[in-house]
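Protein chains in written order, with our numbering: chain R, 1 to 228; chain U, 1 to 115.
All C-beta atoms, glycine included, are put in the ideal place defined by N, C-alpha and C.
One structure below.
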């Protein structure tokens with residue numbers, strides 16, 4: 001392992017939607033932040049095309065962006081994230097964006113922050129087109145760096161076939177000690193967390209929370225170095 | 001958001017008749033439709049800030065509701081509408097939510113462009 005990868009003092013998270021950070025990495029980030037890391041979260045969109053509007057609905061297409069923005073800020077506060085960047089791309093449209101524009105913004109963050117760890121979605125195995133397109137943009141961008149300068153990239157994957165295709169996660173992080181922050185991050189997304197497939201609108205028991213949210217898993221992206 | 005009162009919606013549709021408006025029309029099963037149930041066909045479409053002027057429009061059904069807007073050249077149609085933003089006085093912001101509370105359809109009309 002390269003020396004700069006030992007501690008992770010500087011972490012860059014690149015995900016497309018408010019609440020992706022809660023489910024993908026909030027426990028891991030809280031853990032690193034407690035260890036002294038500075039985390040930047042680049043959130044590509046405001047999730048303004050999302051379908052969850054609260055139960056009963058308190059948001060709509062017009063009010064959703066401002067509501068999601070406040071929820072995102074509250075979630076980052078709950079985790080302890082020091083630096084939130086809202087990149088202003090349009091929800092659902094990441095796969096259609098100008099790739100040069102997208103990659104340039106990610107590259108600018110990598111150059112500015114010089115992170116030792118970047119967290120994103122595994123392209124092709126993350127279900128939502130925005131997730132896959134965001135992961136692809138991060139991999140493209142970091143792949144342009146000489147291998148010695150590349151940060152470690154942890155990817156999250158959850159497509160039905162992901163284990164058949166990319167095997168089991170090589171990084172499993174026990175976040176049970178940080179579940180209070182993780183749940184606070186999830187619940188900060190008031191317009192979203194009550195959805196049946198997320199938390200639902202009943203109180204989960206401590207055991208259910210530990211079972212469902214107690215570990216976070218990542219796949220370390222293996223860049224192809226054959227051209228170097 | 002409040003449940004739709006069709007008479008109120010009809011009044012508001014009438015108030016916007018014959019004017020140059022911006023429309024947001026959307027229908028979606030959500031990006032997770034197929035992930036959560038492999039038998040489902042994922043489909044979504046939206047058109048945002050298209051210009052529209054309708055000659056007459058009406059709301060129909062017993063809920064969820066249908067709205068049809070007749071233009072000089074054709075029609076705009078939305079089915080499944082359940083809710084309206086009651087705080088909007090100038091714009092008409094309607095949505096349809098499924099049994100889980102998720103948005104499935106949106107129909108919005110405004111004299112000014114949507115953000």
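Candidates the options: closest to residue i by CA position
i	options	result
residue 71/U	83/U, 16/U, 52/U, 58/U	52/U
residue 81/R	222/R, 196/R, 37/R, 155/R	37/R
residue 226/R	172/R, 180/R, 147/R, 209/R	147/R
residue 171/R	157/R, 177/R, 179/R	157/R
residue 160/R	179/R, 141/R, 127/R	127/R
residue 163/R	124/R, 215/R, 177/R	124/R
residue 215/R	120/R, 42/R, 23/R	23/R
residue 90/R	210/R, 20/R, 44/R	44/R
residue 60/R	82/U, 74/U, 64/U	82/U
residue 71/R	168/R, 185/R, 167/R	185/R
residue 13/U	89/U, 100/U, 113/U	89/U
residue 210/R	110/R, 179/R, 192/R	179/R
residue 20/R	202/R, 182/R, 220/R, 200/R	182/R
Span separating the alpha-carbon of residue i from that of residue j
i	j	result
residue 150/R	residue 62/U	60 Å
residue 129/R	residue 98/R	15 Å
residue 113/R	residue 12/R	8 Å
residue 222/R	residue 96/U	44 Å
residue 84/U	residue 94/U	4 Å
residue 49/R	residue 18/R	11 Å
residue 9/U	residue 22/U	17 Å
residue 110/U	residue 204/R	41 Å
residue 5/R	residue 131/R	Annotation note: pLDDT 40 at residue 5/R (below 50); position unreliable, coordinate value reported separately. Each residue's alpha carbon lies about 25 Å from the other.
residue 197/R	residue 18/U	43 Å
residue 166/R	residue 31/R	26 Å
Beta bridge counterpart(s) of residue i as assigned by DSSP
i	result
residue 79/U	66/U
residue 113/U	BP columns for residue 113/U are empty, so no partner.
residue 103/R	Paired residues: none, contrary to the question.
residue 60/U	66/U
residue 42/R	14/R, 85/R
residue 84/U	2/U, 94/U
residue 34/U	According to DSSP, residue 34/U bridges with nothing at all.
residue 24/U	108/U
residue 67/R	Partner(s): none; residue 67/R has no beta bridge.
residue 32/R	Bridge partners of residue 32/R: none, in fact.
Distance between beta carbons of residue j and residue i, contact taken as under 8 Å
i	j	result
residue 40/R	residue 175/R	Contact doesn't hold; Cβ gap of about 20 Å is too wide.
residue 242/R	residue 9/R	In the structure displayed, chain R extends from 1 to 228; residue 242/R sits before or after that span and is not available.
residue 141/R	residue 94/R	Contact flag wrong, Cβ pair sits at about 14 Å.
residue 102/U	residue 51/R	4 Å
Is the region 91-107 of chain U touching the region 25-43 of chain U in the sense that three or more CB pairs, one from each, lie closer than 8 Å?
They touch, by the three-pair rule.
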